[in-house]
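Working notes, structure below.
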Amino acid sequence: MTHARTRYSGPITEARAHPHSLVEQGFATDEALAAVLDRYPADLFDINLYDYDDEGQVSLRTGARGRLNGGELLEAIQQGRLWVNMREVETGWPELWAAAMAEFGKVQSAYPGLRAVRNAGQLILSSPKARVPYHFDAAGVVLFHMRGRKRVFVYPGDEAHLPERNMEQVVARQTTEELPYVLAFEQDAQVMDLEPGQALTWPVYAPHRVENLDRFCVSLSMDFQTWPSRFRNGALYTNAVLRSRGARPRMTDRMATPELAARWAASLALKRMGALKSRLEHFEREFEPEVGVADGAGALRA
Ligand SMILES: [Fe+2]
1 MTHARTRYSG
11 PITEARAHPH
21 SLVEQGFATD
31 EALAAVLDRY
41 PADLFDINLY
51 DYDDEGQVSL
61 RTGARGRLNG
71 GELLEAIQQG
81 RLWVNMREVE
91 TGWPELWAAA
101 MAEFGKVQSA
111 YPGLRAVRNA
121 GQLILSSPKA
131 RVPYHFDAAG
141 VVLFHMRGRK
151 RVFVYPGDEA
161 HLPERNMEQV
171 VARQTTEELP
181 YVLAFEQDAQ
191 VMDLEPGQAL
201 TWPVYAPHRV
211 ENLDRFCVSL
221 SMDFQTWPSR
231 FRNGALYTNA
241 VLRSRGARPR
251 MTDRMATPEL
261 AARWAASLAL
271 KRMGALKSRL
281 EHFEREFEPE
291 VGVADGAGAL
301 RA
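Numbering-wise, the sequence shown is residues 1 to 302 according to UniProt numbering.
Take a look at the structure:
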């Protein structure tokens with residue numbers, strides 16, 4: 001049986017790596033990373049520690065930025081089991097962002113019909129054994145890999161792997177739990193090993209997860225919206241509102257552009273009205289990075 005790789009109609013039909021030059025431009029050296037860690041705004045950090053059980057189910061602890069200087073924080077990540085996400089690279093590291101946008105232009109031009117209307121980026125520094133759980137992004141993604149090696153698993157975007165109801169919940173920020181995952185999905189994965197200098201992209205909305213291959217890893221994860229993804233996200237939001245009021249909306253992958261556009265327009269009004277309150281949990285910080293302790297996760301200091 002062949003799986004459609006995605007329920008999305010965009011031009012990217014499977015995961016594929018493209019070359020990029022961010023490594024040669026010097027953005028992933030210890031010196032450059034320690035310097036950017038020193039000056040990056042503390043409120044733009046997410047520091048996560050993931051654990052998995054035998055069924056592949058994840059639990060998450062979140063850390064505070066803490067008080068390590070850039071060099072020490074880099075060392076804690078390199079020794080530990082941390083996943084550090086620095087949001088808004090477009091403001092936090094404009095030089096890297098400008099270089100990455102130039103590279104994005106080349107990737108985009110490989111897909112006739114693909115036109116991003118908004119891009120944003122996260123710089124991800126992660127420990128040699130870090131793993132990111134199964135999830136999807138409500139956006140297109142280009143993962144510019146710059147250091148270390150990682151294995152990316154990309155799954156079909158069909159109802160079995162990416163239930164429309166869960167998409168609605170994530171888009172409407174009604175859950176932090178991303179998508180249901182079972183080990184049996186592994187036989188459906190497209191598996192790609194990424195080396196520095198490769199940028200991986202995959203079909204918009206395709207579920208994925210990442211395992212580092214025993215090396216400290218640096219990647220810039222760039223997400224982007226196109227008009228079709230914007231319409232689709234808006235339609236998913238509107239459907240989440242309708243469903244919360246007892247309706248049973250049609251699946252968005254059965255809708256043509258005019259209906260998606262109408263539901264996107266409705267979503268703008270619904271958001272203005274505050275139709276759904278975000279139910280994202282507020283995670284209590286449980287640790288802060290520390291050098292020379294288990295997992296790189298030390299006790300919180302007041
Ligand atoms: Fe992702």
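C-beta atoms are modelled at their ideal positions from N, C-alpha and C, and glycine is treated no differently.
- Annotation for L236: the continuous alpha helix (DSSP H) segment containing it runs W227 to S244.
- If you draw a straight line from the Cα of V291 to the Cα of F283, it is about 23 Å long.
- Just so you know, the alpha carbons of R147 and G197 end up roughly 8 Å apart.
- Taken atom to atom, the span from the alpha-carbon of V132 to that of L183 is near 15 Å.
- Between the stretch 9 to 25 and the stretch 199 to 208, the count of Cβ pairs shorter than 8 Å is three or higher; the stretches touch.
- One thing to note: L114 has its Cβ no nearer than 9 Å to the Cβ of G70.
- Put simply, the backbone Cα of A110 is about 21 Å away from that of D137.
- Using a C-beta cut-off of 8 Å, the stretch 250 to 269 makes no contact with the stretch 43 to 58, since fewer than three inter-stretch Cβ pairs fall below that distance.
- Shortest gap from the CB of F136 to any heavy atom of ligand 1: under 8 Å.
- Closer than 8 Å to some heavy atom of ligand 1: that does not describe the Cβ of S219.
- Closest by C-alpha distance to K129, out of R165, V107, N85 and E211, is E211.
- Within its own chain, the residues whose Cβ lies closer than 8 Å to the Cβ of A116, once the five positions on either side in sequence are excluded, are F104, Q108, G140, F224, Q225 and T226, listed in chain order.
- The continuous stretches of alpha helix (DSSP H) do not include V117, and DSSP gives it neither H nor E.
- As computed with DSSP, Q122 is found in a beta bridge with S221.
- The shortest CA-to-CA distance from L220 to any of L125, P163 and D43 is the one to L125.
- With a cutoff of 9 Å on beta-carbon distance, R151 and D193 are scored as near each other.
- The nearest non-hydrogen atom of ligand 1 is less than 8 Å from the C-beta of H208.
- The nearest non-hydrogen atom of ligand 1 is less than 8 Å from the C-beta of V141.
- L236 places its beta carbon less than 9 Å from that of E168.
- At a cut-off of 3 residues, the continuous stretches assigned as beta strand (DSSP E) that sit fully inside the stretch 31 to 106 are 45 to 52, 58 to 63 and 83 to 86.
- Pairing L143 with V218 gives a Cβ-Cβ distance that is not under 9 Å.
- Here DSSP, grouped into helix, strand and coil, assigns V171 to helix.
- The shortest CA-to-CA distance from R149 to any of F287, A262, P163 and S127 is the one to S127.
- Listed in chain order, the non-local C-beta contacts of L276 below 7 Å within the same chain comprise A172, Q174, A240, V241 and S244, local neighbours out to five positions each way being set aside.
- Beyond the five residues adjoining it in sequence on each side, V84 comes within less than 6 Å, by CB distance, of I47, I77 and L125 in the same chain, given in chain order.
- In this structure, the C-beta of V293 stays at least 8 Å away from each heavy atom of ligand 1.
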